[in-house]
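Numbering (the working numbering), first residue to last: 9 to 90. Glycine included, each C-beta is placed from N, C-alpha and C at the ideal position. Remarks on the structure that follows.
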């Protein structure tokens, strides 16, 4: 699965570039790492990355727009990064 990140739901040029900086280049890479770990890697490198990136990464993995995640899902994800 060599799907480039820019073609994945929720991920645009900026988030794809941030992910590439930490070695995540494809959807397969993201699946291996997981949304929470990928977010933490990017956040360590890009201080301006917000929780919206975490939600976007999770949404990308499950095929849902980040702004359609439930409040429960968002709280769970936020807790996982704390």
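Check whether residue 27 and residue 11 have beta carbons under 8 Å apart:
no
Going along the chain, which residues of its own chain have a beta-carbon closer than 6 Å to the beta-carbon of residue 43, five neighbours each way excluded?
65, 66, 69
Report, in whole angstroms, the separation of the C-beta atoms of residue 30 and residue 53, which I expect to be a contact under 8 Å.
6 Å
Since residue 47 contacts residue 89 with CB under 8 Å, what's their CB separation in whole angstroms?
6 Å
With a CB to CB cut of under 6 Å and the five nearest residues on each side skipped, what residues in its chain are close to residue 57?
50, 51
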